[in-house]
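Chemist: Below is the structure I would like to discuss, written out as structure tokens.
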Ligand SMILES: [Zn+2]
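Numbering (my numbering), first residue to last: 4 to 375.
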């Protein structure tokens, strides 16, 4: 299987993030993508190539141009303050209750992007979990190019292509970044496929978290069906979207399927949900699936609370490929660094119909348990 990768992600790296106000070691780090790249290289069955530039048009087809401008300008605005900062993160957000009692028209007229970079970060940001550094914008652009190059290869005849996107994308909405995500790689890919082929597209999101951004972008669209299996937002990020009764509106009515799962979800629980998700995808026409692939469903993941093991990723890849549609597989989350490479190899080999033989040297057995 062809793999698309760009080293531009290395410029977007942090060592610390905050969780409920406390500084903690960063989870979404450059090492994640490097672990996956190196495991795929060792496998020998995954030729890796670089992305081609696609420009801003496919991005602004999905995202508000003001968000793009903010991300492009943010770091130089931070530097012009003359204060040394490890990263930019927002701390004041336009909570909807700030405008309680005001009409929608009044809100539209009055609430606007402020000049101060801290205010701008809050205006465009969902949360403090997307630290922005000098290389963030270039890395986010490259992740989109990785996704769109994977799309080109699939539309050019490849059956399945893996785009090693980093930063991830599925929390980024039309006018919002957040949750480690800046541009929504999967949504941009799906939109681009729908526009260039005129066909319906499905997005299968198997990251541990709900892809609130992808849901928002396609909420009213009838040409993209979004199906997601994720942690119940009652207990997990992004907290405010991802419930089963969110099904889309207007032309998108019935095109959004959320399958929230309980803490401790097992391989069996997950595969049952996957079968439901795949059934919903098979029920609509279309020949391409964009997969938002996360490994934070893994049992040892420091953020997730599911109990999946490495061998089930092989099965998930296999069942997804069994729909016999072409696959644009894009990397989202997954934070247990030692297992990322093997989990990716297992998934992708499953999608190709190749057996999965765990690499003996890495200390991970086929069940994903640490053996050394
Ligand atoms: Zn996630």
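Where a beta carbon is used, it is the ideal one built from N, C-alpha and C, also for glycine.
Among 201, 5 and 311, which one has its Cα closest to the Cα of residue 152?
Modeler: 5
Chemist: Ordered along the chain, which non-local residues of its own chain (more than five positions away) have a Cβ less than 8 Å from that of residue 218?
Modeler: 229, 231, 244, 245, 249, 259 and 261
Chemist: Locate the alpha helix (DSSP H) running through residue 121, then write down its first and last residues.
Modeler: 120-127
Chemist: Between which residues of its own chain and residue 3 is the CB-CB distance below 8 Å, once the five residues before and five after are set aside?
Modeler: Because the chain in this structure spans residues 4 to 375, residue 3 falls outside the shown range and cannot be described.
Chemist: Return the CA-CA distance between residue 226 and residue 63, expressed in angstroms with no decimal places.
Modeler: 18 Å
Chemist: Does the beta-carbon of residue 45 have 16 or more other beta-carbons within 10 angstroms, so that it is buried, or is it exposed?
Modeler: exposed
Chemist: Report the partner residues of residue 20 according to the DSSP bridge assignment.
Modeler: 27
Chemist: In chain order, what residues of the same chain lie with their CB nearer than 6 Å to the CB of residue 181, ignoring the 5 residues before and after it?
Modeler: 128, 129, 130, 133 and 174
Chemist: Can you tell me where the beta strand (DSSP E) holding residue 233 begins and where it ends?
Modeler: Going by DSSP, residue 233 is part of the beta strand (DSSP E) stretching over 227-234.
Chemist: Looking at the strands, I want to know which residues DSSP matches up with residue 329.
Modeler: 291
Chemist: Which ranges would you report for the alpha helix (DSSP H) in the segment 164-197 if only whole runs of at least 4 residues count?
Modeler: none
Chemist: Can you tell me the Cβ-Cβ gap for residue 124 and residue 91, rounded? I've got them flagged as a contact below 8 Å.
Modeler: 6 Å
Chemist: Run through the segment 301-360 for me and flag every whole beta strand (DSSP E) of 3 or more residues, listed as ranges in chain order.
Modeler: 329-334
Chemist: Quick check: does the Cβ of residue 116 come within less than 7 Å of any heavy atom belonging to ligand 1?
Modeler: no
Chemist: Return the first residue and the last residue of the beta strand (DSSP E) that residue 156 is part of.
Modeler: No beta strand (DSSP E) contains residue 156, which is instead part of the alpha helix (DSSP H) from 139-158.
Chemist: Is the beta carbon of residue 154 less than 8 Å from the beta carbon of residue 196?
Modeler: In this structure, residue 196 lies closer than 8 Å to residue 154 by Cβ.
Chemist: Could you spell out where the beta strand (DSSP E) holding residue 6 opens and where it closes?
Modeler: 5-7
Chemist: Hey, is residue 221 close to ligand 1, as in C-beta under 7 Å from one of its heavy atoms?
Modeler: Residue 221 Cβ: outside cutoff for every heavy atom of ligand 1.
Chemist: What did DSSP end up calling residue 10 once you bin it into helix, strand or coil?
Modeler: helix
Chemist: Which residues in the same chain have their Cβ closer than 7 Å to the Cβ of residue 310, if we skip the five residues on either side of it in sequence?
Modeler: The answer, listed in chain order, is 267, 268, 269 and 302.
Chemist: Got a sec? Which residues, its chain only, sit under 7 Å from residue 279 by beta carbon, not counting five neighbours each side?
Modeler: Non-local beta-carbon contacts of residue 279 in its own chain, meaning distances under 7 Å to residues more than five positions away in sequence, involve 262 in chain order.
Chemist: Consider the C-beta atom of residue 299 and the heavy atoms of ligand 2; say whether any pair is separated by less than 7 Å.
Modeler: Absence of ligand 2 from the depicted structure is noted, with ligand 1 being the only ligands included.
Chemist: For residue 200 and residue 10, I'd like the C-alpha separation in whole angstroms.
Modeler: 30 Å
Chemist: Determine whether the beta carbon atoms of residue 252 and residue 224 lie at a separation below 8 Å.
Modeler: No.
Chemist: I need the DSSP call for residue 52, collapsed to helix, strand or coil.
Modeler: strand
Chemist: If I follow the unbroken alpha helix (DSSP H) through residue 270, where does it start and stop?
Modeler: 270-285
Chemist: Taking residue 81 as part of the beta strand (DSSP E), name the residues at either end of that continuous run.
Modeler: Unbroken run through residue 81 is the alpha helix (DSSP H), 68-83; no beta strand (DSSP E).
Chemist: Is any non-hydrogen atom of ligand 1 found closer than 7 Å to the C-beta of residue 212, if you look at the structure I gave you?
Modeler: Within the cutoff, so yes.
Chemist: List the whole-angstrom C-beta distance separating residue 20 from residue 30, where the pair is believed to meet the contact cut-off of C-beta under 8 Å.
Modeler: Approximately 7 Å separates the beta-carbon atoms of residue 20 and residue 30; this is inside 8 Å, confirming the contact.
Chemist: Any idea what DSSP makes of residue 43, helix, strand or coil?
Modeler: helix
Chemist: My guess is that residue 65 and residue 157 are in contact by the Cβ rule of under 8 Å, so how many angstroms apart are they, rounded?
Modeler: At roughly 18 Å, the Cβ-Cβ gap does not stay under 8 Å, so residue 65 and residue 157 are not in contact.
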